[in-house]
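Working notes, beginning with the structure itself.
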Amino acid sequence: MGIGKGLKNLRKNKNMTMEQLATDLNNKYPDLMKLTKGKISKWENEKEEPRLSTAKVLAEYFNVKINDLYSEPSTTYKDDNDITSIYSKLTPPRQQNVLNYAHNQLEEQNSKGDNVVDINSYKQDKIEVKVNGCVSAGVGERLHEETLFTEMVKAPVPPHDLALKVNGDSMEPMFKDGEIIFVEKTHNIKNGQIGIFIIEEEAYLKKVIVEDDRLTLISLNKNYKDLHFYENQSVKLVGKVIL
């Protein structure tokens, strides 16, 4: 199941147009890819699927669990009074039948929970990716140009220069330990974007802030301290993470 129906339902619950949603996301998450009405439309119509890291941002924005984005909207009555209206037209014995049935449904729901699963969920499209090594979201990692191993990841995979495996939890909730991320090599990066940086020959995944007299690498997990670097300290930019 794709993200389309869940995203559309959440957007409509906020009474937002696709253009309004794109604008608000761009304002609140400047380090996210530049979103447009067209991109939102492709997601909702399931012509494209957002990266997992982007889906996590969407879940954070709507204040829901990421699984809720992939859930079909529940069926609701257009008129909140429909049930009451129908119930009031029944004879007392039939009203009691409805009440008994409702009690049984509630008990079954509370005891079993929602155990319905998509039998085809394991068949979700995946593709093999050549991984160039690990990147630290904690302690440092060595970076390699050659392929070190392969991983199966959910399609589609964006065009990229490097594929790296996240090691550590310092960039949660956006990037999970063990997640595969994709990197575009570049010598330029904007304030607030997330990139790969070499510090003392080890690679780090961090959000960057450049100020007049220093460069700061920020962990999204608040349990980790920011890293500050000054003019006489060497920090090399490898590239920016594709979101």
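So the sequence shown is numbered by the numbering used here: it starts at 6 and just counts up by one.
Note that CB positions come from ideal geometry on N, CA and C, so glycine has one too.
Since we're looking at a predicted model, the values are computed, not measured.
Helix, strand or coil at residue i [DSSP, three-state]
i    : result
H233 : strand
N105 : helix
K33  : helix
L15  : helix
P98  : helix
N72  : helix
K52  : coil
S239 : coil
D84  : Any answer about D84 is weak, because its pLDDT of 44 lies below 50 and its placement is not dependable; what the coordinates show is given next. Of the three classes helix, strand and coil, the one that applies to D84 here is coil, per DSSP.
I91  : helix
G9   : helix
T152 : coil
M23  : helix
E113 : helix
Residues bridged to residue i (per DSSP)
i    : result
E133 : M157
G183 : In the DSSP output, where bridge partners are listed per residue, G183 has none listed.
V188 : L167, V246
G200 : K211, K245
N261 : A question about residue 261 goes unanswered here, because the residues of the chain that appear run from 6 up to 248.
Buried or exposed (CB count within 10 angstroms, at least 16 for buried), residue i
i    : result
Y235 : exposed
R250 : A query on residue 250 cannot be resolved here, the shown segment of the chain reaching from 6 to 248 and no further.
T22  : exposed
Y106 : exposed
T111 : In the sequence as presented, Thr is not what sits at residue 111; that position holds Leu. Result: exposed.
T59  : buried
K75  : Sequence inspection shows Tyr at residue 75; the Lys mentioned does not correspond to that position. When all chains shown are included, Y75 counts as buried.
V103 : exposed
Y92  : exposed
E177 : buried
I199 : buried
M179 : buried
E205 : exposed
S79  : Confidence at S79 is low in this model, with a pLDDT of 46, below 50, so the placement of that residue should be treated as unreliable; the coordinate-derived value is given next. Exposed, since its Cβ has fewer than 16 Cβ neighbours within 10 Å.
A27  : buried
L153 : exposed
S239 : exposed
L95  : exposed
T81  : Low confidence applies to T81: its pLDDT is 42, below 50, so where it sits in the model is not reliable enough to give any reading.
S90  : exposed
K52  : exposed
G43  : exposed
N109 : exposed
N137 : buried
K211 : buried
Limits of the alpha helix (DSSP H) - the one that residue i falls within
i   : result
F67 : 57-67
E49 : 42-49
Extent of the continuous beta strand (DSSP E) run through residue i
i    : result
L220 : 220-223
S141 : 139-141
Pairing CB atoms from the stretch 158-170 with CB atoms from the stretch 212-230, are three or more of them under 8 Å? no
Validate contact between the stretch 235-246 and the stretch 178-188 using beta carbons, cut 8 Å, 3 pairs: yes
Give a yes or no on contact between the stretch 40-50 and the stretch 7-26, applying the rule of three or more CB pairs nearer than 8 Å. Because the criterion of three Cβ pairs below 8 Å is met, the stretch 40-50 and the stretch 7-26 touch.
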